[in-house]
Each structure stands twice: as structure tokens, then as C-alpha cells.
Amino acid sequence: NGDSLAKMNTLQFLPLSPSVGVGFWSVLMGKKLEEWKNDVAFQSLQGYYTVSPSLSSKFFLDELAFEKFSSTPFKVKVPGKLILFNTLDEFKAFNKKDHLHTLGKQISASVESESCLDRPELLCPFSAILHCDFKRFVFVHWFCFPAFASIPPAIVDVCPSAEWPQQLSPHCIEDGLTALVDRGYSSFAFGLQGPSERVWTVFSFREWVADARSAVAKGLDLLPILGISTSCTSPPPSTPTSPHSLQMGWVARNLLTALPLLCPGLSKVRILCWCGRQSSLLTLAYDSSTPDLRVLELTGYALNARGKPGPLAANLEHQLNTAIVADSAL
Amino acid sequence: MSKTAHTILHDFRAALTPLPKTSDCKTTGKITPEEFVRTGDFLASKCPTWEWEKGNSGEKSYLPPEKQFLIFRNVPCVRRVGDIEGFFSEADESDEHWVVTKVNQESSNEEVLQIENEEEVRLPSDDDEDLPDIEDLEEEELLVEDPGTVANTSLELLATRTYDLTLAYDRLYQTPCLFIIGYDEKGNPLTPQEMMQDISQDHAKKTATVEPHPHLSGVSCVKIHPCQHAHTISKLIMQMSAEREEFIVEQYLLLFIKIIGTAIPAIECDQTQSFSL
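Listed below in C-alpha cells is the structure:
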């Protein structure tokens, strides 16, 4: 598909669409009733997205939300906050815009302190704002995936898959990623250097940034490749005359926005959107300005099925209510 | 969550069933808990999409705490069973209770369907008076003009149901047992009745029941009853032996998944095609 992608000229990011598992509500119900009681709960939790073109926009929150689990090359963990309200009025009164700005400041701080180099996932946090009626099994949820609303870097080139170096096959990269995970890195961003002696080396995001800074300082044009575990797809144009575009996963967004801050002087970067056999290799160009994260507008609240910023509601009586399940048994 | 009458009776009978200590898998099709762990380890190593989990209830002392059940999440289910044309035309009769079918690969590999207009997106509030008025909770001021965001995502969503598949050990029948939990195209949990649409009609009428998940507290799911599993597996093992193919117990779950696929033909659960038995 690389040949057709080479003609694309616009990069956009595909917002995450949350999928909340029944297991999450079950675990949450237990924690709320047995541990947190009536307190408004601000708890840490984690969700994940799966690296797959068919599920590229899906974000999953399930019974693992309060467990420890590690990212794998195919399943990337995202840290988040749970904000749970006892009443719908409290849910409604919560100042969501202020909350978005708080999250934006936290992301900026992780860039300034460079803590995002060791934990790139700090660049793509989420908040789950919930109201749960555990008596009626009615759940209202609104997710926020904060991102700086900036203009994405331009697409300079998409390397046709037929022209990829043989050593850059999804199989080889998967082996490298597995080795990276085995070394304790659990990240969606990684570096790729090579080939050296016909082998590509996979290394951490911090190491990629160090190499990139060094290459920029020397005026070198060929930076190591930045790998991001996410899909990059080309949707069909809505009309024959509409511009073509590439859609990258939402988690890459803040990382690509912050890159010129982390590597001053960066003008071009080669990105491998690693998605197994559906990977894409592209070159992006930045304009000469350095972004100021403090003044960029923020976006990220999930839209409801009407396309409006608003929560979703679910009635899980048939999935969680004992009496109804018993009646359903055949 | 209290249990259904079925589950109570099943658990009572299981508790009275002594745990098998010696293996006679090749003749009976049954496995011991220790063999379940071994074949589960093998499956997880060959197909990393299957993972061990401990769950939050119903821990079995005869299984390691971290290996209570296997789960394969987010398995696509592109179409309903009734939509798979010619599915049973290629069926290979291997047993009076089960068939080993060949799913129409051409159709199952097609691009997933796109939702063509917003009317097709099922709004939970449309048919449920218990839900709060979502429109009252919308906050228009949070909408940001943003050149970097793909617009109209609700129209771009892939119209794909997904399933979480669980394989747990059934002490009574001494075989693995499949439980499924489904989600609609928007990620909302499916009702048991909706999940039944993705079970082959033969099984939906005979061996699929709504039960509590064995290791997730308070979660209902659809269970494929394991009463025929051992019989079917032992026949296939005998068939493999007749064809001079060696069967080792580690391969048990690979074989099991191929068989269970007949009950859930539209759920793309078999990622093991590249492994020969």
C-alpha cells in the first residue's frame, strides 16, 4: 500500500474511542462498595490500546484497570485517572475544561523535566470521568484523552513497502521490540538504528532522543528512525476531490508535537508506525518554529454518538443483575 | 452475584468429582489441571494473544493463582452467524454432535463493514428509559476546532463486534470450557441475547447457556457447555493417530480451539492456522 500512500499530503490523528469492559464495571463496583465507600474517588488506573489496524481507534478499559500489567509490542498500556462521582449533578458540575488544562500542564511538565524520555506514556494520559448507579446498573462515562491542538508536521515521503530494507521486516522489528520489553522498557516509542552488520537495533526512546540530538548538532541529515507502536492508515477520500490524508493513532500526537522541544533544531524525522505486517514508514517535516506548549489549545474529550462533546451511558442490567441473568439461563 | 440453578448444580457435582491425577487424554479426551496449565502455556507461547489471568473470584486451588484461566480479548466478529453464506456447505462431518467446518475465508477476510450513516449507530438512550438524558450532559464549549483531529469519527468507526474469549478448566467434565463476553460496534457490552446471535444456531439451541463468568465477579456471559468436548477431542486424537500424526498433550488447546470454532463460526478465534497438529 506504500505506493498509494506516497501521494498523501495531510497527517491527522484518529481519536481514541473507549470500550469499557463488563469486567471493569464489576471490579469498580466491588472497589466502590467495599473500599472507597462514599468518597469521590480520584484513583490511578490504566487502560490500553491494541496495535491493530482494525482496532486502531479503540481504547480498552477492563478488569485489568487496577492490576499491574506490562505493555507488550501489541498491547500498549496507557496511564490514567478515575474520577468517580456519586451523583449525576456532581458529574455535571465538575469543571471539565479546568481538568483538561491540568492534564495539559502535566504533559508539559513531563516534557520540560524530560521524564517523558523514560516514560513516553506520560505524553498520552487519559481520564475516565464516571457516574455509576450501582443499584440500577446504569453507568455514565466520559473519557478525556488530552492533546495539544497543533498543526501536525507535514508528510514529506511515505516509503513504499517494496523499498523497505529487508532487515526492517515486521518480523525483525517484533523480535527487537520483544527484546526491548524483556529489558524492562515498556513503551510505545522506541528507536531504530541500522543496519549495522545487517542487523537493526531497537532501543529506548531516551536513547533515540540522545542520538537524534547528536545527529542534529553535527548537522547530519540521517537521524535514527523513531518507532511508534500505532497504526497509520489511509482512509478513502470522502469525495473524489477531497485531499488525501494519513490517519495516525492518537497516542502519537503529543509525542510528535513535543519532538522539536526535545530535539531543538529538528527539521525532519523518519517515523516507523509499527503495526506488525501493516506497518508504515514515513518522513515528516517540521516548520522552523518551536512550539510553546503553554499557549497551545487543548482538545481530547470524547464525542458521543451524536458527534457532540458529551458522555455515553450504558444500562448493564442484563450483564450484571443477578436476577435477570438467572432468568436468562436456558 | 448469586448463581443460576444450572451453575449451582454444576458446581455441586464438580465439587464431588475427584480431581484426575493421571493422564489418559489420548483415550478419553480429558485432561488434568496440570495438563491444562501445560497446554495453556504452550498456547500462550505460540499465540501471545492468549494470556493467563487470575481473575477476581472463584480461584481454583488446583491451578496456580496466576493461571486460573486463559483469555483472548477483542476478537473481531465481523458478521452475524446467519449472514455467513454457505458456512455449513463446506462442513466436514466428523461426529454426530460436532462438525469441523471450513469458514469461507474469502468472506471472513473482507474489509470490515463501514457504518454508512449516523442513524445506524445504536444510541443506548434510544430504547432505554432508565438512562439519563445524555443531551443534558453535553458541553459544546469543549469542542475545539483542530486541524490535527480526524473529523466525524462516529462515521469512521468500524462496524465490528468484538469478543473476549475465556478458556477455564471444568472440573466436572475435565476439559477446558469456553465463555464469551461480547461488545457491540461502539464498545457497549452485548446482552446475552445479542451474543446468542453469534453462536451457531445448532449450539445456541443445545449447548450455549447464559452463566456467570467463573472468575470475574458478577459478570454474565455465554458458556458453551463442555459435555461433548472430551468425546469429540478423543475421536479427533484417534483420527490423528490413524493418520500416523503424533499428538502431544501440549497441543490439546490448539485442537480444542479449532473444534470450538464451530460453535462460534463468526468470531475469528482461531489464530493458530500456521501451526500444524
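In order, the protein sequence lines correspond to chains W and G.
Reading the first sequence from the start, the letters are residues 1 to 330 in the working numbering.
Reading the second sequence from the start, the letters are residues 1001 to 1277 in the working numbering.
Positions of the beta carbon are idealized from the N, C-alpha and C atoms, including for glycine.
*Tell me whether valine 251 of chain W sits in a helix, a strand or coil according to DSSP, three-state version.*
coil
*Can you find a CB in chain W that lies within less than 8 Å of the CB of glutamate 1116 of chain G?*
Model confidence at glutamate 1116 of chain G stands at a pLDDT of 34, short of 50, so the residue's coordinates are unreliable; what they give is reported in the following sentence. No, because no Cβ of chain W sits closer than 8 Å to the Cβ of glutamate 1116 of chain G.
*Can you pull the chain G residues whose beta carbon is under 9 Å from the beta carbon of alanine 189 of chain W, in chain order?*
Simply none; closest approach about 18 Å.
*Expected contact under 8 Å - CB spacing of proline 1226 of chain G and aspartate 1170 of chain G to nearest Å*: 5 Å
*Starting from lysine 97 of chain W, find everything on chain G with Cβ-Cβ shorter than 9 Å and list it in chain order.*
Glu1139, Glu1141, Leu1142
*Would you call the CB atoms of valine 76 of chain W and tyrosine 49 of chain W closer than 8 Å?*
yes
*Cut-off 7 Å between Cβ atoms - residues of its own chain near glycine 300 of chain W, not counting five sequence neighbours on either side*: Leu100, Cys144, Phe145, Pro146, Ala147
_C-beta neighbour in chain G for aspartate 292 of chain W, strict 8 Å_ = no
*Look up aspartate 1270 of chain G in the DSSP assignment and give the residues it is bridged to.*
None, per the DSSP bridge assignment.
_Under 9 Å, CB to CB, which of the residues in the stretch 1170 to 1190 of chain G have a partner in chain W?_
Ile1181, Tyr1183, Lys1186, Gly1187, Asn1188, Pro1189, Leu1190
_Span separating the alpha-carbon of proline 1147 of chain G from that of valine 1219 of chain G_ = 41 Å
*With contact counted as at least three CB pairs below 8 Å, one residue from each stretch, are the stretch 83 to 102 of chain W and the stretch 1074 to 1082 of chain G in contact?*
no
*Alpha carbon to alpha carbon, how far is phenylalanine 126 of chain W from glycine 47 of chain W?*
9 Å
_Interface partners of glutamate 297 of chain W on chain G, CB under 7 Å_ = Val1144
*Determine the chain G residues that contact histidine 101 of chain W at a beta-carbon separation under 7 Å, and present them in chain order.*
Going along chain G, no residue has its Cβ under 7 Å from histidine 101 of chain W, so there is no contact; the nearest lies around 12 Å.
*For histidine 318 of chain W, count neighbouring C-beta atoms within 10 Å of its own C-beta (all shown protein chains included) and say buried if the count is 16 or more, exposed if not.*
buried
*If I'm right that phenylalanine 24 of chain W touches glutamate 63 of chain W with Cβ under 8 Å, what's the distance once you round it to whole angstroms?*
6 Å
*Three-state secondary structure (DSSP) at proline 146 of chain W?*
strand
*asked:* Is it buried or exposed, proline 1186 of chain G, if we count other Cβ atoms within 10 angstroms and call 16 or more buried?
replied: Correcting the residue identity first, residue 1186 of chain G is lysine in this sequence and not proline. By the 10 Å Cβ count, lysine 1186 of chain G comes out buried.
_Partner residues on chain W for aspartate 1083 of chain G, Cβ-Cβ distance less than 8 Å_ = By Cβ distance, chain W contributes nothing, its closest Cβ being about 18 Å from aspartate 1083 of chain G, past 8 Å.
*In chain order, what residues of the same chain have a beta carbon less than 7 Å from the beta carbon of asparagine 254 of chain W, not counting five sequence neighbours either side?*
Ile107, Leu123, Cys124, Ala147, Phe148
*Would you list the one or two residues that DSSP bridges to isoleucine 1260 of chain G?*
In the DSSP output, where bridge partners are listed per residue, isoleucine 1260 of chain G has none listed.
_Quick check: is the beta carbon of isoleucine 1224 of chain G nearer than 8 Å to any beta carbon in chain W?_
no
*How would you label isoleucine 1248 of chain G, buried or exposed, when you count the other beta carbons within 10 angstroms and need 16 or more for buried?*
exposed
*Environment of phenylalanine 206 of chain W [buried if 16+ CB atoms lie within 10 Å]*: According to the sequence as given, residue 206 of chain W is arginine; it is not phenylalanine. Buried is the call here.
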